[in-house]
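Chemist:
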Amino acid sequence: MQPKPGWRQRGYWLLATQAGSWIFSRTLHILDKIIFKFSNGRQTAISVVAGLPSIMLTSTGAKSGEQRTTPLVGIPDGEGYIVIASNFGKKNHPGWYYNILANPKVTVTLNGQAKSCTARQVTGEEKRQCWDKAVKIYPGYNSYKQRARREIAVFVLEPKK
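Each residue of the sequence shown is one higher than the one before, counting from 179 in this note's numbering.
Spelled out as structure tokens, the structure:
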């Protein structure tokens, strides 16, 4: 799935820049709540702005034990999804990274449909393959990798059988 052309392509480009990442990392969570609510769980800000495939990941807070829902780019992978803990290229991991390490049982919502999944961090060749698949959808991950100066974790969200 490639991003849609036109204004979405410009949003896609902006998201990969350092300035765009700074802005979006501070505003997307607000826009996501609004867009997700009014689209009946079918859209997020990232899907509207850049045309990227998005999911809502619900995890259990590593410290609080409370349910936390985070919009993410979700790269389709068989029946599951690949998610990248890039945090817009920031030097620290995103909060959801710590949550799913502590409790890998998560819920993925896509197009208003929720399903239970298990998060599994991938390494080695599997990580490289997942990364390559993600970069084909969103090349901005390479910019994030350069800016982050840390090992960016990659996870596969596998549906419970």
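By construction, the Cβ of each residue, glycine as well, lies at the ideal position given by its N, Cα and C atoms.
1) Given this structure, state the Cα-to-Cα distance separating residue 234 from residue 286, to the nearest angstrom.
2) Going by the CB atoms, is the gap between residue 284 and residue 335 shorter than 9 Å?
3) If distances are taken between C-alpha atoms only, which option among 244, 256, 288, 293 comes closest to residue 273?
4) From the DSSP output, in three-state form, read off residue 303 for me.
5) Just to confirm before moving on: does the CB-CB distance between residue 278 and residue 297 stay below 9 Å?
6) Going by other Cβ atoms of all chains shown within 10 Å of its Cβ, with 16 needed for buried, is residue 289 buried or exposed?
7) In the structure shown, what three-state DSSP assignment does residue 297 receive?
Modeler: The relevant details are as follows:
1) 6 Å
2) yes
3) 244
4) helix
5) At a Cβ-Cβ threshold of 9 Å, residue 278 and residue 297 count as neighbours.
6) exposed
7) strand
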